[in-house]
Structure formats: structure tokens, C-alpha cells
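Protein chains: 2
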Amino acid sequence: MTIEAGLKSMTDAMPSRTDVRNRLLNMMSGSDFALLAPHLEMTALKERQVVEVPNRTITHVYFVETGVVSVVAVNVDDHRIEVGVIGKEGLTGVPLILGDDRAQHSAYMQIGGIGRRMPAAAFIEALGKSPSLRALMMKSAQAFMIQTAHTALANGRAKLEERLARWLLMAHDRLDSDAVPLTHEFLAVMLGVRRAGITVALHSFERRGLITTRRGQLTLINRAGIEQVAGSFYGMPEAELKRLMSEAV
Amino acid sequence: MTIEAGLKSMTDAMPSRTDVRNRLLNMMSGSDFALLAPHLEMTALKERQVVEVPNRTITHVYFVETGVVSVVAVNVDDHRIEVGVIGKEGLTGVPLILGDDRAQHSAYMQIGGIGRRMPAAAFIEALGKSPSLRALMMKSAQAFMIQTAHTALANGRAKLEERLARWLLMAHDRLDSDAVPLTHEFLAVMLGVRRAGITVALHSFERRGLITTRRGQLTLINRAGIEQVAGSFYGMPEAELKRLMSEAV
DNA sequence: CAAACCCCGTACGTTTCCGTACGGAAATAA
DNA sequence: TTATTTCCGTACGGAAACGTACGGGGTTTG
Numbered sequence: 014m015t016i017e018a019g020l021k022s023m024t025d026a027m028p029s030r031t032d033v034r035n036r037l038l039n040m041m042s043g044s045d046f047a048l049l050a051p052h053l054e055m056t057a058l059k060e061r062q063v064v065e066v067p068n069r070t071i072t073h074v075y076f077v078e079t080g081v082v083s084v085v086a087v088n089v090d091d092h093r094i095e096v097g098v099i100g101k102e103g104l105t106g107v108p109l110i111l112g113d114d115r116a117q118h119s120a121y122m123q124i125g126g127i128g129r130r131m132p133a134a135a136f137i138e139a140l141g142k143s144p145s146l147r148a149l150m151m152k153s154a155q156a157f158m159i160q161t162a163h164t165a166l167a168n169g170r171a172k173l174e175e176r177l178a179r180w181l182l183m184a185h186d187r188l189d190s191d192a193v194p195l196t197h198e199f200l201a202v203m204l205g206v207r208r209a210g211i212t213v214a215l216h217s218f219e220r221r222g223l224i225t226t227r228r229g230q231l232t233l234i235n236r237a238g239i240e241q242v243a244g245s246f247y248g249m250p251e252a253e254l255k256r257l258m259s260e261a262v
Numbered sequence: 014m015t016i017e018a019g020l021k022s023m024t025d026a027m028p029s030r031t032d033v034r035n036r037l038l039n040m041m042s043g044s045d046f047a048l049l050a051p052h053l054e055m056t057a058l059k060e061r062q063v064v065e066v067p068n069r070t071i072t073h074v075y076f077v078e079t080g081v082v083s084v085v086a087v088n089v090d091d092h093r094i095e096v097g098v099i100g101k102e103g104l105t106g107v108p109l110i111l112g113d114d115r116a117q118h119s120a121y122m123q124i125g126g127i128g129r130r131m132p133a134a135a136f137i138e139a140l141g142k143s144p145s146l147r148a149l150m151m152k153s154a155q156a157f158m159i160q161t162a163h164t165a166l167a168n169g170r171a172k173l174e175e176r177l178a179r180w181l182l183m184a185h186d187r188l189d190s191d192a193v194p195l196t197h198e199f200l201a202v203m204l205g206v207r208r209a210g211i212t213v214a215l216h217s218f219e220r221r222g223l224i225t226t227r228r229g230q231l232t233l234i235n236r237a238g239i240e241q242v243a244g245s246f247y248g249m250p251e252a253e254l255k256r257l258m259s260e261a262v
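Line by line, the protein sequences are chains A and B. Per this note's numbering, the very first residue in the first sequence carries number 14; after that it's consecutive. Per this note's numbering, the very first residue in the second sequence carries number 14; after that it's consecutive.
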């Protein structure tokens with residue numbers, strides 16, 4: 014199926030489908046891809062690069078291929094916390110899918126990578142033309158919403174170590190390597206806790222043989238063990254994503 | 014406009030628009046209302062009545078008119094926390110709007126009331142027929158999503174008193190009275206904290222003249238004061254709801 | 001009208017995490 | 001190489017909320 018679709022898109026002038034690593038672009042029908050392809054632009058997504066600013070119009074949607082986007086809710090009092098992450102399974106600009114043109118949250122590359130982007134207007138136009146594309150994008154939005162709900166659950170009920178484990182697993186799912194290139198400081202911002210709290214927790218993980226650490230980087234070496242730490246705070250949104258995407262044919 | 018639309022729908026056999034108190038049903042076009050009306054059924058929404066069960070197909074959508082629905086995320090380990098509330102501004106069954114037929118979360122009447130409900134299948138069919146209805150429902154879904162994101166923020170960063178104040182304000186927005194008929198126990202479940210913690214916090218509110226309390230009920234008597242306690246954890250989702258609904262014409 | 005139940009007030013020791021802060025080691029810039 | 005910056009390890013007192021529990025006063029039920 015993938016091969017067939019890939020070959021089909023080869024006949025188009027636009028980016029060949031075979032080298033696209035975003036899962037949504039991969040799985041959508043050839044005709045939906047053809048609708049988007051003329052507007053897709055390959056782009057580097059550098060660490061800390063901002064893709065959405067709260068209260069501002071969304072200019073582009075980004076189909077992430079490698080790297081991880083953090084979506085961070087911000088208060089007027091500068092309280093902030095991550096409400097979701099986006100990687101190769103998704104795209105930024107979820108509000109556009111629901112007919113809103115503005116970002117409520119801050120979104121930026123937490124871990125650098127690459128992706129394809131297209132202007133918001135072109136994306137909206139394509140959505141208007143294709144019910145099947147719309148359906149797929151809405152399932153993606155739904156998956157993101159489930160993730161956010163579980164972030165709320167974890168924030169309210171889980172301990173620091175459980176939340177940290179959950180975050181590492183979500184990042185790992187979206188990376189091609191076991192290395193997570195992040196400082197304690199940034200992990201702390203995402204989870205809304207002290208930097209020192211992260212340091213201590215990671216130490217504990219390391220002592221238990223779950224990860225190794227270096228300055229500005231940590232590496233998962235026992236994923237199953239980390240899953241055990243996260244317990245039931247990890248997994249449900251991931252299973253739902255799988256379900257939604259398989260339903261989407 | 015409302016009058017005109019109201020008169021128009023009077024010509025139909027189905028529920029007259031004038032006595033409908035759900036804001037979405039109020040504001041949608043006469044033709045969209047006509048699309049739904051034949052399937053709408055007036056229904057009592059009793060305290061603790063379950064409207065959605067996790068992992069089960071959604072049978073009906075409920076347009077709430079009075080009362081408050083709690084949407085509660087549940088873990089396999091029975092950790093639970095409220096991720097959103099729905100009142101007269103919205104409807105239950107948000108996943109249906111996004112093309113999913115299942116509920117991820119538990120949803121039940123936290124405060125009893127009345128509403129109109131319709132079978133999921135009929136709702137989906139109506140969505141398929143009317144782009145404008147779809148647009149309105151998606152804006153509603155978007156508003157709910159924003160609320161959930163801010164619940165995640167509050168759960169992660171706010172103190173118990175701030176979160177409790179936020180919850181009381183959100184409930185108050187959806188009630189016609191200043192009385193909130195709830196036990197400490199249920200407030201505790203929603204916020205994911207100890208019952209005793211709620212008791213102490215409410216006491217503090219009462220001492221400060223913000224509320225009065227009775228067994229199984231509390232009454233807001235100084236809303237501005239409660240807003241001050243909630244600080245910036247309250248308000249943003251409410252403002253966004255307003256914006257989204259006014260944009261929706 | 002008594003028994004049972006539910007709800008609230010209160011208490012105490014404990015856990016978790018915070019705020020803050022300081023110094024040293026590693027990386028980067030000059 | 002040296003200076004500067006960034007990042008990490010560690011520490012300490014304190015705040016917030018937890019788990020648990022007990023009793024008493026309302027409210028419902030038999």
C-alpha cells in the first residue's frame with residue numbers, strides 16, 4: 014500500500030512520497046497528498062525554534078518528521094507548563110483544523126529536527142476541498158486532545174518521577190534514537206517543576222540503571238523499566254492514537 | 014435575529030426555539046436547528062447521571078440547558094481527575110464532532126439539571142449535511158480543548174485554593190444561582206485532592222467572606238473575591254469561548 | 001423514633017516538592 | 001589559553017498537601 018501510494022505520487026512533480034517521514038502525510042490518500050504537496054516546503058526545525066505564539070494568528074502548519082514540538086500553555090502571570098508534544102505522528106496548528114485561526118499556546122521545537130510546512134491559508138483551503146483529509150486531521154486533533162487530557166491527569170495526580178518517566182517515553186516514541194538531547198532546565202520547564210527536582214529524579218533513574226546521563230543529554234537504556242516507573246500514566250493516549258490512526262484507514 | 018429565528022422554527026412541529034436555553038442551539042442558524050430539532054428530546058439530567066462511559070460508544074449527545082457535566086479522565090489504576098466541565102454553553106460527546114465514536118473519559122452530571130439529547134447517529138448525520146453546523150460544533154470542541162489545556166496548567170502549577178476558586182467560578186458561570194449543591198467529597202474527586210483539603214480551603218474562603226456553606230451546599234457571596242483567589246488561572250478559556258462563539262456568528 | 005448512614009470538622013505525623021543558593025565542572029567564546 | 005557562560009550536583013529549611021483517622025452532628029431510612 015505504501016509502495017503503491019509512493020509510486021503514484023512519483024508521477025507528480027512535487028515531493029516524492031517515499032522520503033516523507035511524517036506519518037499523516039504517509040497514510041493519507043494519494044489524492045489528499047497531491048492536494049497538499051504543491052504547498053509543502055521542506056524545512057529545518059531548529060532547537061528552540063518558535064512555531065506558534067499565543068494569541069497570534071497561526072502562519073504555517075508543520076508536519077513534523079524528526080524532532081519534538083512542545084505545546085506550552087502560558088498564563089498572564091508567566092506560569093507555564095507543557096500541555097502536549099507533537100512529533101512525526103502529528104502536525105502543529107491544531108486550532109486551524111477546528112476552524113480557529115489563532116494559537117492559544119506557545120509552540121516551539123523542544124528537540125530539533127526537520128519537517129514540511131505549508132501556509133495556513135493553503136491548509137485551510139485543502140481541508141475545504143477534501144472531506145477525507147478533514148477526517149484524518151480531525152482524528153489527529155482528537156488524539157492530541159486525549160494527550161492533553163492525560164497531561165492534566167498526570168499533572169494533578171502523578172509524582173514528579175512518574176511524570177518525568179512519562180515525558181521521556183513520549184519523547185522516545187517520537188525520536189529515532191535513545192538519546193534525548195535536553196538540559197534539566199528544559200525538562201523542568203515542561204513539567205512545571207524545579208530544575209533541582211529533575212536533577213535528583215534523573216539521578217535516581219540513573220542509579221536504577223534506567224538511563225545514562227551527560228551534560229545536556231540523557232539516554233534511555235531500559236525503556237521497560239521507565240514504563241514501569243510511569244505506570245498507568247503512560248500508554249492510554251498512545252493506544253488511542255494507534256486506534257484512531259488505524260480507523261482512519 | 015433570535016426572534017426571527019424563533020418565529021421561523023415555530024412553524025416546525027418540533028420544539029420551539031424560544032424555550033431552548035442551550036447556547037449552541039440558540040445561536041445556530043434556523044436551518045441548522047431545524048436539522049437537529051426532529052431528533053432532540055427533552056431530558057432530565059439528574060445528579061450523578063452518567064452520560065459517557067470510558068471506552069464505550071457514545072450513544073447520545075446532550076445539549077445541556079441547566080446543570081453541569083463533569084468530564085473525568087480515569088486511569089486503569091483508578092486515578093481520576095476532572096479534565097473539563099460542560100454547561101449551557103456546550104454539549105457532551107465532543108469526540109463525535111471529531112469523527113470518533115467512543116468516549117475516552119467518564120462524563121456525568123455533577124450538578125443536576127435538564128437538557129436536550131439526540132442519538133449519536135442522528136447527530137453525525139446532521140454534521141454531514143451542514144458545514145455551518147460542523148463549523149459551530151468544531152468551535153465548541155476547540156473551546157473545550159482550551160479549557161482542558163488550562164486544567165492541565167492549573168493542575169500542574171496552581172495551589173489547592175487557586176484550583177478550588179477556579180472550579181467554583183467555572184461552575185458559577187454555568188448555573189443560574191449562586192448556590193453550588195455539592196459535597197466536599199465530590200469537589201475533592203474533581204480536583205484530585207483530599208476531602209479534608211477541600212474542607213479546610215472552603216473554611217478559609219468562608220472566613221474571608223467569599224462564600225457561605227451548609228451541609229452539601231455552598232453559596233458564592235463575593236465572586237470578585239473568588240476571582241482574586243483564582244488569579245490568572247481563571248479567565249483565559251472563558252475569554253476564548255466568548256471569542257470563538259462570537260466569531261461563529 | 002431509633003438506627004444507620006452520610007457529611008463535615010479536626011488532628012498529627014509524613015511525604016513531596018518548593019525556593020533559594022552556592023560551588024564546581026563542562027562547554028563555549030574571546 | 002583564559003575568561004565566560006552554561007549546566008549540574010547538592011544542601012537546607014519550609015510550605016503544601018497527603019494518608020489516615022476519629023468523633024460528632026445532620027439526614028435519611030426502616
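Heads up, the beta-carbon is just placed ideally off N, CA and C, and yes, glycines get one too.
Give the straight-line distance between the Cα atoms of residue i and residue j, rounded to the nearest whole angstrom.
i              : j              : result
H118 (chain B) : G97 (chain B)  : 10 Å
R170 (chain B) : R93 (chain A)  : 8 Å
A120 (chain B) : R228 (chain A) : 45 Å
T105 (chain B) : L231 (chain A) : 42 Å
T6 (chain B)   : P108 (chain B) : Any answer about residue 6 (chain B) is impossible in this case: the structure gives chain B only from 14 up to 262.
V66 (chain B)  : M131 (chain B) : 17 Å
F246 (chain B) : A156 (chain B) : 16 Å
L204 (chain B) : S259 (chain A) : 34 Å
D45 (chain A)  : E251 (chain A) : 25 Å
R187 (chain A) : L195 (chain A) : 14 Å
L200 (chain B) : L181 (chain B) : 9 Å
D113 (chain B) : T225 (chain B) : 42 Å
G100 (chain A) : V77 (chain B)  : 36 Å
V193 (chain A) : N168 (chain A) : 22 Å
V74 (chain B)  : F136 (chain B) : 7 Å
L149 (chain A) : A162 (chain B) : 22 Å
V89 (chain B)  : T31 (chain A)  : 39 Å
E240 (chain A) : S190 (chain A) : 17 Å
Quick check on the burial criterion: 16 or more other C-beta atoms within 10 angstroms. Buried or exposed for residue i?
i              : result
R213 (chain A) : Contrary to the premise, residue 213 (chain A) reads as Val rather than Arg in this sequence. Exposed, by the Cβ-count rule.
M55 (chain B)  : exposed
T24 (chain B)  : Its pLDDT being 41, under 50, T24 (chain B) is placed unreliably by the model, and the measurement read from it follows with that caveat. By the 10 Å Cβ count, T24 (chain B) comes out exposed.
R179 (chain A) : buried
K172 (chain A) : exposed
V262 (chain A) : exposed
G126 (chain A) : buried
A243 (chain B) : buried
E138 (chain A) : exposed
A134 (chain A) : exposed
G128 (chain B) : buried
R208 (chain B) : exposed
A57 (chain B)  : exposed
E142 (chain A) : One detail in the question is off: residue 142 (chain A) reads as Lys in this sequence, not Glu. Exposed, since its Cβ has fewer than 16 Cβ neighbours within 10 Å.
Name, in chain order, the residues that DSSP records as bridge partners for residue i.
i              : result
A212 (chain A) : A small correction: the amino acid at residue 212 (chain A) is Thr; Ala does not occupy that position in the sequence shown. DSSP lists no partner for T212 (chain A).
Y247 (chain B) : Partner(s): none; Y247 (chain B) has no beta bridge.
R115 (chain B) : B:T70
F76 (chain B)  : B:L104, B:R129
Would you please verify whether the beta carbon of residue i is less than 9 Å from any beta carbon of chain A?
i              : result
L37 (chain B)  : no
K152 (chain B) : yes
I99 (chain B)  : no
T164 (chain B) : yes
Q117 (chain B) : yes
L204 (chain B) : yes
M158 (chain B) : yes
L195 (chain B) : no
F199 (chain B) : no
Compute the beta-carbon to beta-carbon distance between residue i and residue j, rounded to the nearest angstrom, for a pair I have assumed lies under 8 Å.
i              : j              : result
R221 (chain A) : G238 (chain A) : 7 Å
T164 (chain A) : A116 (chain B) : Actually they are not in contact, since the Cβ atoms of T164 (chain A) and A116 (chain B) sit about 18 Å apart, beyond 8 Å.
E102 (chain A) : S83 (chain A)  : The pair is not a contact, with the Cβ atoms about 15 Å apart (cut-off 8 Å).
I159 (chain A) : E253 (chain A) : 5 Å
S217 (chain A) : E174 (chain A) : 7 Å
Q123 (chain A) : V81 (chain A)  : 5 Å
R34 (chain B)  : T72 (chain B)  : Actually they are not in contact, since the Cβ atoms of R34 (chain B) and T72 (chain B) sit about 23 Å apart, beyond 8 Å.
Any beta carbon of chain B sitting closer than 9 Å to that of residue i?
i              : result
R170 (chain A) : yes
T72 (chain A)  : no
P108 (chain A) : yes
G103 (chain A) : no
Q155 (chain A) : yes
L254 (chain A) : no
G19 (chain A)  : Only weak support exists for where G19 (chain A) lies, its pLDDT of 39 falling under 50; the value from the coordinates is given anyway. It does not; no Cβ of chain B falls within 9 Å.
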